[in-house]
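Just below is one structure, and these are the notes that go with it.
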Amino acid sequence: MLGGVRVPQTFREAMMEPEAWWEPMVREINVMKARGVYELVERPVGKNIIDPKWVYALKFDGNGALSDRKSRIVAKGYTQIQGVDFEETYAATARLESFRLILAIVASLGLVLWQLDFVAAYLNSDIEFDVYMEQPQGFSEGGGDMVWKLRKTLYGTMQGGHDWFKTLSKAYKELGYRQSLAEPTIWTRRDGEKFTITCTYTDDTMGGSSDSAEAERAKRELGEKFEAKVMKEVDHMLGIKVEVVEEGIRISQKAYAKRMLEKFGMESCKLRSTPLPVGIALSTKDGPDTDEEKEENEKGPISRGARVPDVVTANPGRAHWEAMKHVMAYVRGTLDYGITYHRGASLQPVGFVDSDFVNDRDTRRSTDGHVFFAGGGPVSWSTKRQETVATSTTEAEYMAVSQAVQQAMWLSSFFDQAAIPQQRPVTLFIDNNGAIDMTKTYRGHKQTKHIDVRHHFIKEKVEMGEFSPVYIPSEDNVADLLTKPLPHEATQSFTSDLGLWELDGERAGV
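All residue numbers for the sequence shown refer to the UniProt record's numbering, where the first residue is 1 and numbers rise by one.
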């Protein structure tokens, strides 16, 4: 159930509401025929025949209103045989941070933002193997001995994503675009003073161009390569609402978050002012022990089959469920928060890093977190439990710095590959002088000799001028919010420092 509308899971369920789902299925079959996706052949002897499946989905606009119902025929690719039905499967997928970086670039440089959606993207790729599939339910032709021989890669086939990405990449190169080595789903083209940068996630493409004429050219050329639906104005992508405002570009997820709250019956829950209670320490030992607790756990206080966040283990107990509900209550209280990337703001990445020493009750490992800003707002952030136990706060901070420096290197490479190079070094704010000292010298060998040598690459990066560690007091280090639950006042203060804004234009936390 999404947005109060039931989504069928099978063809039989869809036929319980034919007035809602028959037309989308007919539309899908007509697309298959128009694209020459298959040819009807007699069932071959000794060949692997894969099964199809109808998949149904709802499409919402940026405000959360239902805009379309979609039915799609997908292949049950797990029944394919490698070397017989397919070979390569890898396909690059845009990272959310890459999407945010594109928006930061567009806002900062004042580019014209545009968006298009490739219609039935996978069906643009010719299939290189002989793949046979049963006919989809409700649309059988020619009798039971007839099957589909696929001529195009179908959604669900093991090679579908790979073949589409290969086809799309070829088209971009023919149009004069250059592929980023830092993020293969990013393409740029510079023609004199004309400039265009694009980010593609499967069939959704968002781009920015130096002026309206260049934007129209980019959309027209891609539309000539593949059938595409050009959006009159940018609305949303990947569940994120995108708005062009006076200050630049604002992104938010209010509609998506509301649907998730409704899905779990939390749309009217009591609000919480922090993501988690201060001092909470969850453990796998908090899982159910008795048969009664296990039975209660299987029912689930929220919903069975939910995708559970990291605060919940594979065997959650009451404490884990209560923590999850607390997180969702905080989400409900922050529905109007968003990020704004500002016109004319610097694209020079600036980072903050922190760690919380041995805060995991089960492994005694530390948690590190970092956040990077560009274009006037946060573009990349991470919270992660460290892979090994640290023996001191300095060691934990040093390992956190190692992770942050890797991300800083990627950000620098991203801008270089986008033909918008930024100055070195990247500033990284750290609240531990011992860790800063370790990035610059080899003193204290007795205390540091056990640290995995892979972390010491950051010393080279400091010497090469790639990044500059700078001290910042803990009370001013916004990355502290990413490593542990904080009191209300600190949470509000760091929320403001993160550059989060309420949708009415007021700064969050103020």
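Even for Gly, the Cβ is constructed at its ideal location relative to N, Cα and C.
Computed from a predicted model, the values in this text were never measured in an experiment.
> Counting pairs of beta carbons, one from the stretch 204 to 221 and one from the stretch 128 to 137, are three or more of them closer than 8 Å?
Replying inline: no
Nearest neighbour of L261, chosen from E292, A329, G369 [CA to CA] = A329
(message) Please state the DSSP three-state secondary structure of S252.
(response) strand
For this session: With DSSP collapsed to three states, give me the class of W501.
Result: strand
Query - L181 burial status per 10 Å Cβ neighbour count (16 or more: buried) - result: exposed
* To do: Using beta-carbon positions only, say whether residue 517 and G338 come within less than 8 Å of one another.
  => Since the first and last residues shown for the chain are 1 and 510, residue 517 lies out of range.
Exercise for review: Check M133 in the structure and name its three-state DSSP category.
Suggested key: strand
* **Nearest candidate by alpha-carbon position, reference M438, set Y201, V426, I458** => I458
How many whole angstroms separate the CB atoms of R69 and W22, which I take to be in contact at a CB cut-off of 8 Å? Wrong, their Cβ atoms sit about 10 Å apart, outside the cutoff.
- Query: Are the stretch 351 to 362 and the stretch 315 to 323 touching, with three or more C-beta to C-beta distances below 8 Å?
  - Reply: no
Excluding sequence positions up to five away, which residues of its chain have a Cβ less than 8 Å from the Cβ of E17?
R6, P8
query: Between the C-alpha atoms of E174 and D431, what's the straight-line distance to the nearest angstrom?
result: 49 Å
Roughly how many angstroms separate the alpha carbons of R35 and A255, rounded to a whole number? 34 Å
Would DSSP call E13 helix, strand or coil?
-> helix
Margin query: Three Cβ pairs or more, each shorter than 8 Å: is that satisfied between the stretch 483 to 491 and the stretch 267 to 275?
Written below: yes
Query - D497 versus V478 - alpha carbon distance - result: 7 Å
Comparing alpha-carbon positions, which option in G317, V31, M266 lies nearest S283?
G317
- Query: Does the stretch 465 to 475 touch the stretch 422 to 436, meaning 3 or more C-beta pairs lie closer than 8 Å?
  - Reply: yes
| How would you write the range of the beta strand (DSSP E) that I197 sits in, first residue to last? | 194 to 201
**Asked** By a C-beta neighbour count over all protein chains shown, 10 Å radius and 16 as the cutoff for buried, is E19 buried or exposed?
**Response** exposed
Do the stretch 148 to 166 and the stretch 79 to 87 touch if we need at least three Cβ pairs shorter than 8 Å? yes
How big is the Cα-Cα spacing for R190 and A419?
8 Å
Notebook entry, point to check: What's the gap between the Cα of S71 and the Cα of Q386?
Noted result: 42 Å
Practice task
Identify the continuous beta strand (DSSP E) that holds K70 and give its terminal residues.
Solution key: 66 to 75
Which of the three DSSP states, helix, strand or coil, is assigned to D362? coil
To the nearest angstrom, report how far apart T198 and L347 are at their CA atoms.
-> 17 Å
- Any idea which residues DSSP pairs K59 with across the strands? D68
Item to complete: Please go through the same chain and pick out, in chain order, the residues whose beta-carbon is closer than 6 Å to the beta-carbon of I240, but skip the five residues on each side of it.
Response: I251, Q253
| query | Counting pairs of Cβ atoms below 8 Å between the stretch 372 to 385 and the stretch 95 to 112, do you hit three or more? | reply | yes
| task | Could you tell me whether the Cβ atoms of V371 and L238 are closer together than 8 Å? | result | no
Q) Within 7 Å: the Cβ of A345 and any heavy atom of the ligand FAD? A) For the structure depicted, the ligand FAD is absent and the ligand set is empty, with no information on it obtainable.
Could you check which residue in E13, S209, M32 has the C-alpha nearest to that of V119? M32
* Tell me where the beta strand (DSSP E) around Q403 begins and ends. => Counting along the chain, Q403 falls outside any beta strand (DSSP E), though it belongs to the alpha helix (DSSP H) covering 393 to 417.
- For K194, I'd like the list of residues in its chain whose CB is within less than 7 Å of its CB, leaving aside the five on either flank, ordered along the chain. S210, E214
I'd like to check one pair, A91 with I50: are the Cβ atoms closer than 8 Å? no
Determine the extent of the beta strand (DSSP E) in which I472 is found, giving its start and end residues. Taken as a continuous stretch (DSSP letters only), I472 belongs to no beta strand (DSSP E), as it is neither H nor E.
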